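S.K.: In UniProt numbering, the protein residues as written are 1 to 149. Here it is, the structure, as structure tokens.
Right, here's the structure in full:
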């Protein structure tokens, strides 16, 4: 399913995204090094073992990025003009190597664009959940989305 146009959304629309993703050590290590994040909890197994988590903790910005990426196919793929902002970002539970994440989205607000008559603003509440159903990341994303026609 491709993304929806502004006109196709209503407040309260909810999607359980079909793609799931198991987080690997390679994902975490590459993302941490690509973003110059030397946090030992993410890249040093011995330091992570000595932490309260007892194991490598997945980089939170990877978790956030994966959550948004998992949502794109059914929300804004092909209809996005621009992402305008992310708000209320929280990570209520840790993500560990081997966790399998899935995403849900709900439309919380809609507004026609004042500056772009061919587009509107859609606010999504995205959540990422692990294989135990625990919310590991949540945010609001405001997207400028094309209207039909």
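Note that beta-carbon positions come from the ideal geometry of N, C-alpha and C, so glycine has one too. In this text, all values refer to a predicted model and were calculated from it rather than measured experimentally.
Entirely within the region 4 to 31 and at least 3 residues each: give me those beta strand (DSSP E) ranges in chain order.
M.R.: You should have 14 to 16.
S.K.: Cβ atoms of residue 72 and residue 95: under 8 Å apart, would you say?
M.R.: Position 95 of the chain shown, counting from 1, holds the residue named residue 95. Position 72 of the chain shown, counting from 1, holds the residue named residue 72. No, they are not a contact pair.
S.K.: Could you name the residues of the same chain whose beta carbon sits closer than 8 Å to that of residue 34, not counting the 5 residues immediately before and after it, in chain order?
M.R.: Residue 34 sits at position 34 when you count from the first residue of the chain shown. Taken in chain order, the list of residues that qualify is empty.
S.K.: Any contact between the region 44 to 62 and the region 3 to 15? By contact I mean 3 or more CB pairs, one from each, below 8 Å.
M.R.: In short, these stretches do not touch, since the Cβ pair count stays below three.
S.K.: Below 8 Å, can you find three or more Cβ-Cβ pairs linking the region 26 to 33 to the region 103 to 120?
M.R.: With a cut-off of 8 Å, the region 103 to 120 and the region 26 to 33 do not count as touching, because too few Cβ pairs lie within range.
S.K.: Tell whether a beta-carbon distance below 8 Å holds between residue 108 and residue 4.
M.R.: As a position in the chain shown, residue 108 is number 108, starting the count at 1. As a position in the chain shown, residue 4 is number 4, starting the count at 1. In this structure, residue 4 does not lie closer than 8 Å to residue 108 by Cβ.
S.K.: Using the DSSP secondary-structure output, state which residues sit across from residue 109 in a beta bridge.
M.R.: In the chain shown, counting from the first residue as 1, residue 109 sits at position 109. Paired residue(s): 123.
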